[in-house]
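Notes follow once the structure below has been shown.
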Amino acid sequence: MTVNLVTQLEVKSHNSPDEIRRPEKTLVENVTVGDYTIGRLSFEPGWSWTDCIKPVVQTDSCKLNHVGYCIAGALEVETTDGKKISISKGDSYTIPPGHTAWVVGDETYSAIEFVSAAEYGVKPE
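Under our numbering, the first residue of the sequence shown carries the number 763, and numbering increases by one thereafter.
Structure, rendered in structure tokens:
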């Protein structure tokens, strides 16, 4: 297991994020504390990775790792090899590269992401 070393005492609020991204039906609010970028993600009802993020990142599936905690709503995730999980309020999760996802139901999906927030929904150079 990798151990990360935190070297500074710092606090920031997602109510005043360092960076905001707004792909279609998506809100990504990032703060950077120390060496870590933590994201608050909100996906509106009807959001899907294929429709809202794929046109931005231009890959066939999401190539990022995700570690997070769901605050509200529900999300279905399917890997390229056909495995599926459902994430809902109160769930912590890990998602490997090679997946797609979509919001389930009429509630906005909200989560805190601890891995990949800095890269999520970023257009390639």
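Built from N, CA and C at the ideal position, the CB exists for glycine as well. All values derive from a computational prediction rather than experimental measurement.
Per-residue DSSP class, three states only, for residue i
| i | result |
| --- | --- |
| V773 | coil |
| T794 | strand |
| G801 | strand |
| L767 | coil |
| S823 | coil |
| T842 | coil |
| S778 | coil |
| E875 | strand |
| T870 | coil |
Residue i, enclosing alpha helix (DSSP H) - first and last residue
| i | result |
| --- | --- |
| V819 | 816-819 |
Range covered by the beta strand (DSSP E) that runs through residue i
| i | result |
| --- | --- |
| G808 | From DSSP, G808 is part of no beta strand (DSSP E); its letter is neither H nor E. |
| G830 | 828-834 |
| Y882 | Unbroken run through Y882: none, as it is neither H nor E. |
| R783 | 781-783 |
| V865 | 861-865 |
| S854 | 854-857 |
| K846 | 846-850 |
Neighbourhood of residue i by C-beta distance below 7 Å, restricted to the same chain and skipping five residues each side
| i | result |
| --- | --- |
| A873 | L803, G830, Y831, C832, I833 |
| P785 | C814, I815, V818, G883 |
| H776 | E791, V793, R802 |
| V768 | G796 |
Proximal residues to residue i (C-beta, below 6 Å), its chain only, five neighbours per side dropped
| i | result |
| --- | --- |
| D902 | What is shown of the chain runs 763 to 887, which leaves residue 902 out entirely. |
| I857 | H828, V839 |
| S810 | W864 |
Cβ-based neighbour list, residue i, same chain, cut-off 8 Å, excluding 5 preceding and 5 following
| i | result |
| --- | --- |
| A836 | S848, I849, S850, K851, V865, V866, G867, E869, Y871 |
Within-9 Å CB hit, residue i to chain B
| i | result |
| --- | --- |
| R784 | Any reference to chain B falls outside this structure, which holds one protein chain only. |
(message) Assess contact between the segment 865-883 and the segment 815-834, defined as three or more Cβ pairs (one per stretch) separated by less than 8 Å. Is contact present?
(response) yes
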